[in-house]
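Engineer: Here you go, one structure.
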Amino acid sequence: MAVLRIGTRGSALARWQADRVGDLLAARGVEAAFVPIRTSGDATAGRRRAGLAVKGLFTKEIEQALLDRRVDIAVHSLKDLLLELPPGLVIAAVPEREDPRDALVTRDGRSLLELEPGARIGTSSLRRRAAVASQRPDVEVVPLVGNVTTRVKRVEEGSVDAAVLALAGLKRLRLDGHAVPLDPAVFVPAPGQGALAVEARADDDRVLEIIAPLDDMRVRHAIEAERSALAGLGSGCNVPVGAHASWTGRTLTLQVAVYAPDGGEPLRVQVPVKPNDPAAGGAMAAARLLEAGASALMVSGQSRRPNSEASA
Numbered sequence: 013m014a015v016l017r018i019g020t021r022g023s024a025l026a027r028w029q030a031d032r033v034g035d036l037l038a039a040r041g042v043e044a045a046f047v048p049i050r051t052s053g054d055a056t057a058g059r060r061r062a063g064l065a066v067k068g069l070f071t072k073e074i075e076q077a078l079l080d081r082r083v084d085i086a087v088h089s090l091k092d093l094l095l096e097l098p099p100g101l102v103i104a105a106v107p108e109r110e111d112p113r114d115a116l117v118t119r120d121g122r123s124l125l126e127l128e129p130g131a132r133i134g135t136s137s138l139r140r141r142a143a144v145a146s147q148r149p150d151v152e153v154v155p156l157v158g159n160v161t162t163r164v165k166r167v168e169e170g171s172v173d174a175a176v177l178a179l180a181g182l183k184r185l186r187l188d189g190h191a192v193p194l195d196p197a198v199f200v201p202a203p204g205q206g207a208l209a210v211e212a213r214a215d216d217d218r219v220l221e222i223i224a225p226l227d228d229m230r231v232r233h234a235i236e237a238e239r240s241a242l243a244g245l246g247s248g249c250n251v252p253v254g255a256h257a258s259w260t261g262r263t264l265t266l267q268v269a270v271y272a273p274d275g276g277e278p279l280r281v282q283v284p285v286k287p288n289d290p291a292a293g294g295a296m297a298a299a300r301l302l303e304a305g306a307s308a309l310m311v312s313g314q315s316r317r318p319n320s321e322a323s324a
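Have a look at this one:
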């Protein structure tokens, strides 16, 4: 069997994710080779992405390489993927999911409630910014961009007192020593947070057959419900929306929140999800939120500065 070429970004987290998929393939006797690809998001890393929507910045060039047959599969942080994939591409597998929660990183492991009034908390995610403001209106939320390692370093150096990041990335890079997980009922995670996506060409039957065993159906059902809710709200990366589906035994429950950018009370809904039709659960949650006035909050969120939640 020919070596399977995996397209991936060159960051430490992206390489960890590609390595993980490579390990899963190796366990099935499939050899993989990694093809690092520089994306638009990498080219603008570390500075404000004014006027740009974050989603797609970290995937476009990799997906083009996949379409051009320069790679056989692509590995992404699932939350980086656009809701609508380019024609000819599919999510071939969603492997096991890491902890989807957000986490607060401080120099000494303090929790959000233990921070001093006026503390500077770094994040460029509108969702996280709004959630912090709803819990601690007495702190200052400041922009913080860059990869996971860079953001943690900013905390260690004292540029900010704390930062909110995805716990999954911190764990994968073993940077979670001073990370305090945040309650997912308050900080509802971004859709797909903690999950990986293995993308392939829809017409590549050989590769699809190789990748299929990596798919975790429980994770796939959860992320399909989450992404369906986001689609139903008509929103993308520049609005403060969280969606998290979780399993309790055989029961799948979806929680969705639309946050008030000014830190006001968010709109929340929780719905049961039928595993055989997770998209319907997401659509139901979105419809209820829209009936409750979510559109006004999302319009307000879109008027704020650009979001930067991808891969973090």
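Every number in our numbering is 12 more than the matching position in the sequence shown, counting from 1. Using N, Cα and C, we set each Cβ at its ideal position, and we do this for glycine too.
1. Assuming valine 210 and isoleucine 223 make a contact with CB atoms under 8 Å, what is their CB distance in whole Å?
2. Kindly provide the ranges of any alpha helix (DSSP H) runs that are 4 or more residues long and lie completely inside the segment 123-167, ordered along the chain.
3. What first and last residue would you give for the beta strand (DSSP E) that runs through leucine 266?
4. Starting from the Cα of arginine 218, find the closest Cα among Ala104, Ala145 and Ala308 and give me that residue.
5. What do you get for leucine 37, buried or exposed, if any count of 16 or more other CB atoms within 10 angstroms of its CB means buried?
6. Between leucine 301 and the rest of its own chain, which residues show a CB-CB distance below 7 Å, the 5 nearest in sequence each way excluded?
7. From glutamine 76 to aspartate 92, what does the alpha carbon distance come to, in whole angstroms?
8. Quick one: what's threonine 118 bridged to in DSSP?
9. Leaving aside the five residues before and after alanine 62 along the sequence, list all residues of the same chain whose C-beta is less than 6 Å from its C-beta, in chain order.
10. Do you know how far the Cα of glutamate 277 is from the Cα of valine 47?
11. Looking only at DSSP bridge pairs, what is glutamine 282 linked to?
12. Identify every residue that forms a DSSP beta bridge with threonine 20.
13. Apart from the five residues just before and just after isoleucine 18, which ones in its own chain have a Cβ nearer than 8 Å to its Cβ?
14. DSSP three-state call for histidine 190: helix, strand or coil?
15. To which residues of the same chain is alanine 131 closer than 6 Å at the C-beta, ignoring the five residues directly before and after it?
16. Thinking C-alpha only, which one of Leu264, Ala26, Thr20 and Gly22 is nearest alanine 180?
17. Thinking just about the alpha-carbon of each residue, which of Ser258, Pro99, Pro98 and Gly293 is nearest to the one in glutamate 110?
18. For glycine 121, is the classification buried or exposed, using 16 other Cβ atoms within 10 angstroms of its Cβ as the cut-off for buried?
19. With a threshold of 8 Å on Cβ separation, who are the neighbours of serine 123 within its own chain once the five nearest residues in sequence on each side are excluded?
20. Given this structure, state the Cα-to-Cα distance separating glutamate 169 from aspartate 274, to the nearest angstrom.
21. Are leucine 309 and alanine 255 closer than 9 Å when you measure CB to CB?
22. Could you tell me which uninterrupted alpha helix (DSSP H) segments, each at least 4 residues in length, are contained entirely in the segment 213-252, listed from first to last along the chain?
23. Between the alpha carbons of glycine 199 and glutamine 147, how many angstroms are there, rounded?
Structural biologist: Answer, in terms of the structure:
1. 6 Å
2. 138-147
3. 263-270
4. Ala104
5. buried
6. Leu245, Val268, Val270, Leu279 and Val281
7. 15 Å
8. Ala174
9. Below a pLDDT of 50, predicted positions are generally treated as unreliable, and alanine 62, at 38, falls in that range; no measurement from the model is reported.
10. 45 Å
11. Gln267
12. Pro48
13. Ala30, Val33, Gly34, Ala44, Ala45, Phe46, Val47, Val83, Asp84, Ile85, Ala86 and Val87
14. coil
15. Val151 and Asp173
16. Ala26
17. Ser258
18. exposed
19. Leu116 and Val192
20. 28 Å
21. no
22. 217-223 and 229-244
23. It should be pointed out that residue 199 corresponds to phenylalanine in this sequence rather than to glycine. Their Cα atoms are separated by approximately 10 Å.
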